[in-house]
Amino acid sequence: MDSRGEEEIKKANQLAVELGNLVASKGECPPGDRNTPLIAYWSLAFDHHRGVLCLLWNKLFGSAFALVRPLVEATVRAHVVVMGSEEDVRKLRNDEYRTNFGTVGNQIDAFFGTGDWFESFLNRAKNALHSYTHAGLSQLGRRFSGNDVTPSYSEEEIIDLIRTSTIAAFLVTKLVTKHFGFEQEERRCGELFGEWGKHPRTSDHRECWGH
19 MDSRGEEEIK KANQLAVELG NLVASKGECP PGDRNTPLIA YWSLAFDHHR GVLCLLWNKL
79 FGSAFALVRP LVEATVRAHV VVMGSEEDVR KLRNDEYRTN FGTVGNQIDA FFGTGDWFES
139 FLNRAKNALH SYTHAGLSQL GRRFSGNDVT PSYSEEEIID LIRTSTIAAF LVTKLVTKHF
199 GFEQEERRCG ELFGEWGKHP RTSDHRECWG H
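Each residue of the sequence shown is one higher than the one before, starting from 19 at the first, in this note's numbering.
So, in structure tokens, the structure goes:
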């Protein structure tokens, strides 16, 4: 990882700190069958995001890539606990819910009016996410540099990972601030994300996550 990746990590970390403070500054959120797990998913997503950045900074690339699927799933489940049926919520609370990446993206897009963003990303990324997490070829093929057992994750892949995981942290924060009616924090969330997104992109989310 070169200086570009290190700079991306610093920017992503700063954004996450500011996003996290938007929710933390509100103190305790109202309890409830949907509210309590929503905050738990938000908290877990931020732990995973910080974990991805720490692992990359310490050049533990395989572990960082493996952590993205749990981060994405925490983000997806946060949306499901808001939009889902009472049966969905029951299953989430009883640890019986199983995330179907092939169908849930379309459901999220339809409920929240996000076009086809979730469906497009999850359909494109689900196989790679699974492969990175479960020691598939996406990981094994990057354990070598030539004949040497040296990780060979490209700088573009690393930066794409940082941006994908940071987008997840933004999405779950946007969801929480909107759900709880934190209007000022929701606006600031969008402003912070817009400011972060102004620095140049180096990939279009195809290198890591498929075409």
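Backbone N, C-alpha and C fix where the C-beta goes; we use that ideal spot for every residue, glycine too.
Excluding the 5 residues preceding and the 5 following Leu155 in the sequence, name in chain order all residues of the same chain whose CB lies nearer than 8 Å to its CB.
The answer, listed in chain order, is Ser149.
Terminal residues of the continuous alpha helix (DSSP H) containing Asp38?
Here the sequence assigns Gly to residue 38, which means Asp is not the residue at that position. Note, Gly38: alpha helix (DSSP H), 21-42.
When the distance is taken between beta carbons, is Leu40 closer than 8 Å to Arg181?
No, these two residues do not count as a Cβ contact at 8 Å.
Beta-carbon gap between Met19 and Glu174 smaller than 8 Å
No; because the gap between Cβ atoms is not below 8 Å, this pair is not in contact.
Answer with buried or exposed for Val35, where buried requires no fewer than 16 other C-beta atoms within 10 angstroms of its C-beta.
Under this definition Val35 is an exposed residue.
Could you compute how far the alpha carbon of Ala187 sits from the alpha carbon of Gly164?
The alpha-carbon separation between Ala187 and Gly164 amounts to approximately 35 Å.
Would you kindly work out how many angstroms separate the C-alpha atoms of Glu204 and Arg68, rounded to a whole number?
Going from the Cα of Glu204 to the Cα of Arg68 covers about 21 Å.
Leaving aside the five residues before and after Leu193 along the sequence, list all residues of the same chain whose C-beta is less than 7 Å from its C-beta, in chain order.
If we look at Leu193 and ignore the five residues flanking it on each side, its Cβ neighbours are Ala96, His97, Val100.
Once the 5 residues before and after Glu137 are set aside, which same chain residues still bring their CB inside 6 Å of it?
So the list reads Gly123, Asn124, Asp127, once near-sequence residues are dropped.
Uninterrupted alpha helix (DSSP H) stretches inside the segment 151-217 (no shorter than 4 residues)
Counting whole runs of 4 or more residues, the segment 151-217 contains the alpha helix (DSSP H) stretches 155-158, 173-197, 201-214.
Could you spell out the range, first to last residue, of the alpha helix (DSSP H) harbouring Asn124?
Secondary structure note for Asn124: its alpha helix (DSSP H) is the uninterrupted segment 122-130.
Among residues of its own chain, excluding the 5 on either side of Leu85, which ones have a beta-carbon nearer than 6 Å to its beta-carbon?
Counting only residues of its own chain and dropping the five nearest sequence neighbours on each side, Leu85 has a CB closer than 6 Å to the CB of His66, Gly69, Val70.
Local Cβ density within 10 Å of Arg6, reported as buried at 16 or more and exposed below that:
Examination of residue 6 is not possible in this model, given that the chain is present from 19 through 229 alone.
Outcome for Lys216 when other beta-carbon atoms lying within 10 angstroms are tallied against a minimum of 16:
The residue is exposed, with fewer than 16 neighbouring Cβ atoms inside 10 Å.
Residue environment, Glu91, which counts as buried when at least 16 other CB atoms sit within 10 Å
Around the Cβ of Glu91, a 10 Å sphere holds 16 or more other Cβ atoms; the residue is buried.
Taking Leu189 and Thr93 to be in contact with their CB atoms under 8 Å, please state how far apart those CB atoms are, rounded to whole angstroms.
Right, the Cβ-Cβ distance comes to about 6 Å (below 8 Å), so this counts as a contact.
Which of helix, strand or coil does DSSP assign to Phe119?
Three-state result, Phe119: coil.
Is Lys77 helix, strand or coil by DSSP?
In the structure shown, the three-state DSSP call for Lys77 is coil.
Under a Cβ-count criterion, where at least 16 other Cβ atoms within 10 Å of its own Cβ denotes burial, should Glu26 be classed as buried or exposed?
Per the 10 Å Cβ criterion, buried.
Nearest CA to the CA of Thr151: which residue from Gly50, Ala82, Glu213?
The alpha carbon of Thr151 has as its nearest neighbour, out of Gly50, Ala82, Glu213, the alpha carbon of Ala82.
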